[in-house]
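One structure is given below, encoded as structure tokens.
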Amino acid sequence: MEEKKSKLSIVTNGLIKENPALRLVLGTCPTLAVTTSALNGLGMGLSATFVLICSGIVISALRKVIPGTVRLPSYITIIAGFVTVLMMLMQAFLPSLNDALGVYLPLIVVNCIILGRAEMFASKNNVLDSALDGLGMGLGFTLTLVIMGVVREVLGSGTLFGLDLHIPLEPMTLFITPTGGFLVFGVLMAAVIWIEEKTNNRKERNIGCEGCPSAELCQDKTCEKAPAEATNGKEGA
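In the working numbering, the protein residues as written are 6 to 242.
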């Protein structure tokens, strides 16, 4: 029972508590750029989910044989392979969506969400957990993009998934501009924080060395030296 609960928590973690777009604030560029319509948001979200799951599985399986010094180039190579497969499939079967997503589809290779989960989770956990983490983060990202896309498309164009809703109001074109994207994004972030506080589920996040995924590999230890140097400087003064 405990194991089932832990597996479920890995999947649900990405929906609100560690939603990659709204709480970790990763992948903001495609989040704002492609959500002018719900269909584009759904397409980008599912594309990222596919790459998250597949790359997480492979990186986890190879985590013990990938040298730490070349881990990032290795991760990018693995991710690029799955993005290439994804692009070929979309060009063959979904050419209109492929054209709509444009340059943001190949840029999944360097998407902070994909690289972040590879570094923070897949490189430290087993294959099953890494696949579940990729699924959860992908669903959270997809949910964010779809909600943003629905709000911006309905208010900005008067349509939903390309279908005319016949709303008896003039479309507010502000919502399909970058300004409208930032506005909707900010409101959603505030809503998620409000939900966390109401459910007493707020998570503290470390921003120092203790929260850095590369802390063990860091040779400089600049963060640890800084307080001591500052103290010495004050004493000398």
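Positions of the beta carbon are idealized from the N, C-alpha and C atoms, including for glycine.
Spatial distance of residue i from residue j (CA atoms)
i: residue 130; j: residue 179; result: 44 Å
i: residue 109; j: residue 202; result: 33 Å
i: residue 205; j: residue 97; result: 47 Å
i: residue 173; j: residue 198; result: 33 Å
i: residue 225; j: residue 92; result: With a pLDDT of 48 at residue 225, under the threshold of 50, the predicted position of this residue should be treated as unreliable, though the coordinate-derived value follows. Cα-Cα distance, rounded: 40 Å.
i: residue 184; j: residue 54; result: 27 Å
i: residue 200; j: residue 21; result: 9 Å
i: residue 78; j: residue 163; result: 44 Å
i: residue 95; j: residue 68; result: 29 Å
i: residue 99; j: residue 90; result: 13 Å
i: residue 58; j: residue 101; result: 24 Å
Cβ distance (whole Å) where residue i is taken to contact residue j below 8 Å
i: residue 62; j: residue 136; result: 5 Å
i: residue 47; j: residue 150; result: 7 Å
i: residue 177; j: residue 191; result: The pair is not a contact, with the Cβ atoms about 16 Å apart (cut-off 8 Å).
Contact check, residue i vs residue j, beta carbons under 8 Å
i: residue 145; j: residue 25; result: yes
i: residue 167; j: residue 44; result: yes
i: residue 159; j: residue 148; result: no
i: residue 56; j: residue 84; result: yes
i: residue 138; j: residue 15; result: yes
i: residue 189; j: residue 153; result: yes
i: residue 31; j: residue 23; result: no
i: residue 72; j: residue 88; result: no
i: residue 41; j: residue 181; result: yes
i: residue 243; j: residue 165; result: The structure shown does not extend to residue 243, since the chain is modelled only from 6 through 242, so no value can be given for it.
Same chain, Cβ closer than 8 Å to residue i, five either side skipped, listed in chain order
i: residue 81; result: 114, 115, 120
i: residue 134; result: 12, 15, 65, 126
Beta-carbon proximity list for residue i, same chain, < 6 Å, skipping 5 on both sides
i: residue 218; result: In this prediction, residue 218 has a pLDDT of 47, which is less than 50 and means its spatial position is unreliable; nothing more can be read from the coordinates.
i: residue 132; result: 62, 65, 66
7 Å CB neighbourhood of residue i in its chain, flanking five on each side removed
i: residue 17; result: 141
i: residue 49; result: 35, 39, 106, 109, 150
i: residue 117; result: 31, 32
Whole alpha helix (DSSP H) elements within the region 22 to 94, 4-residue minimum: 33 to 38, 43 to 66
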